[in-house]
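Remarks on the structure that follows.
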Amino acid sequence: MNAMLKTTIKNDRRMNERGAALITTLLISTLLLIVGGALILTTSMASVLAIDSTAELQAYYSAEAGANAALNVLRGNIPSNSANTAATFRNTVDSLNLNPWLTYNATINGTLAVPLSNSPIMGYSINVLDPDSILAPNQPKRLLVNVTGFGPKGAVKRMEMMVDRHIFDYSAISTILIRGNDDNTTQMSNFLVGQSNAKEYFGIDESNPSNAIPVIGTTHTNDFNMVTTEVNNAKPNTVVGSQQVKQFSVLQLPSFLQTADNARAFLTAMQTVAVSEGRYLPASSGSFGTTGNPQFTFIDGNCTLDGGAGLLIVTGNLRLNGGVNFNGLVLVLGAGTIERQGGGEGDILGAFAIARFARTWPVGETGAHPFLEPSYDTSGGGTGLIAFDSSKVDEALSLAPPRVLAIRER
Numbered sequence: 001m002n003a004m005l006k007t008t009i010k011n012d013r014r015m016n017e018r019g020a021a022l023i024t025t026l027l028i029s030t031l032l033l034i035v036g037g038a039l040i041l042t043t044s045m046a047s048v049l050a051i052d053s054t055a056e057l058q059a060y061y062s063a064e065a066g067a068n069a070a071l072n073v074l075r076g077n078i079p080s081n082s083a084n085t086a087a088t089f090r091n092t093v094d095s096l097n098l099n100p101w102l103t104y105n106a107t108i109n110g111t112l113a114v115p116l117s118n119s120p121i122m123g124y125s126i127n128v129l130d131p132d133s134i135l136a137p138n139q140p141k142r143l144l145v146n147v148t149g150f151g152p153k154g155a156v157k158r159m160e161m162m163v164d165r166h167i168f169d170y171s172a173i174s175t176i177l178i179r180g181n182d183d184n185t186t187q188m189s190n191f192l193v194g195q196s197n198a199k200e201y202f203g204i205d206e207s208n209p210s211n212a213i214p215v216i217g218t219t220h221t222n223d224f225n226m227v228t229t230e231v232n233n234a235k236p237n238t239v240v241g242s243q244q245v246k247q248f249s250v251l252q253l254p255s256f257l258q259t260a261d262n263a264r265a266f267l268t269a270m271q272t273v274a275v276s277e278g279r280y281l282p283a284s285s286g287s288f289g290t291t292g293n294p295q296f297t298f299i300d301g302n303c304t305l306d307g308g309a310g311l312l313i314v315t316g317n318l319r320l321n322g323g324v325n326f327n328g329l330v331l332v333l334g335a336g337t338i339e340r341q342g343g344g345e346g347d348i349l350g351a352f353a354i355a356r357f358a359r360t361w362p363v364g365e366t367g368a369h370p371f372l373e374p375s376y377d378t379s380g381g382g383t384g385l386i387a388f389d390s391s392k393v394d395e396a397l398s399l400a401p402p403r404v405l406a407i408r409e410r
């Protein structure tokens, strides 16, 4: 009987062990199922995320394509669809979305868009604004270009880009701007306007007579006194304006005239643009541009100017022939000498700036190489007018392709 009881107890224990093993197996299987399910879910989510990331990237590329298309329109690289109309900052603002130059023929995400040829579900739309609200018919100086890029799965990316019509920032603060020596003591080596009644210097805007600026601007007291004395000794009505001479602080000057290093960097940048435009010349003489076709010209050396129109940058000495007619902006930066010789009759409408500084120097030479004293002498014979004209300056600054000031994703 004891033997039977022992056998029964052993059998019960074995049955209990089998039950525990079954429960353990079920628990392990459940855990494996949970882990497997989690892995499957994670994998599927990663796949969806990868697809979404690809769609976002495609939308970003679409926005970039739209930004490049807008620049091509503004730079005249895309002809008008409906007519041979050149794009200007004024008519692009009036069109709002550049539709005279771009083909909006697809609806993406409920928005009329320009489709990308490689995908019917990718494209972009553009909106152009004038952030300065310049009144027509005047040309805006800057444009704010908003671009929306569309990708698959409803992906959208937005960019905005600020584009400037001018090749560089320059606001004429005087008809003739003279950047003096950095020591604020050394006078100009020469300043003569001539003693003839037939010469006139104006600060009144030829394009807008209600607008006027000082005729001659200087940057330190000794130059101011020297120029003022010369103007006072000139014949009556030679220098005409509400303010004949004004002294400006360095911070009031264009940035490239605030330090000599800035001026050197500016010349390097402008030389690069001129080379790319085929308008870089060594020492030259003649006319550069015409009234109907103004040109940007960079002369690396001395220049004898007979006439022309546009933006003229001279790194050497500038000589004005007596009968020179020129419309635009003239920058004499480097040798810093302007002189007029010979008879004749000519008018210069726009603005001048003159500064003397070393652009290069021997290897091993140390020192700041600051601005030095320039020279200005237009006492030569003949008659002539040098007058401020804001429209001629604006035209000169617009002779290179528009530049991008900033671009960002938003």
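Residue 113 in this note's numbering sits at position 113 of the sequence shown, with consecutive numbering throughout.
C-beta: ideal position from N, C-alpha, C; glycine also.
Excluding the 5 residues flanking it on each side, ALA274 has same chain C-beta neighbours closer than 6 angstroms at TYR280 and PHE298, in chain order. Remark: fewer than three beta-carbon pairs, one from each stretch, lie closer than 8 angstroms, so the segment 394-407 and the segment 359-366 are not flagged as touching. Looking at the DSSP output, ARG179 shares a beta bridge with ALA355.
Residues of the same chain with a CB within less than 6 angstroms of the CB of ASN77, apart from the 5 flanking positions on each side, do not exist. Under the three-state reduction of DSSP output, ALA269 falls in the helix class. In terms of Cβ geometry, GLY346 and PHE326 form a close pair [threshold 9 angstroms].
In the structure shown, the three-state DSSP call for ASP52 is helix.
ILE204 is not a Cβ neighbour of VAL231, given a cutoff of 9 angstroms. Fewer than three beta-carbon pairs drawn from the segment 279-296 and the segment 235-251 are found closer than 8 angstroms, and the two stretches are therefore not classed as touching. ARG356 and LEU372 do touch by the CB rule: their CB atoms are close to 4 angstroms apart, below 8 angstroms.
By alpha-carbon distance to ASN237, the top candidate from ASN262, PHE202, CYS303 and GLY334 is PHE202. Counting the other Cβ atoms within 10 Å of the Cβ of ILE313 gives 16 or more, which makes it buried. Counting along the chain, LYS392 sits inside no beta strand (DSSP E); it lies in the alpha helix (DSSP H) bounded by residues 390-397.
The C-alpha of PRO209 lies about 21 angstroms from the C-alpha of THR291.
ASN146 places its beta carbon 9 angstroms or farther from that of VAL163. Per DSSP, ASP132 lies in no beta strand (DSSP E) segment and is marked neither H nor E.
Sequence-distant Cβ neighbours of ARG410 in its own chain, meaning closer than 6 angstroms and more than five residues away, are ARG158 and GLU160.
In the structure shown, ILE23 falls within a helical segment according to DSSP collapsed to helix, strand and coil. Note: GLY149 is bridge-paired with TYR124 and LYS157 in the DSSP secondary-structure output. In the three-state scheme derived from DSSP, where H, G and I count as helix and E and B as strand, GLY307 is classed as strand.
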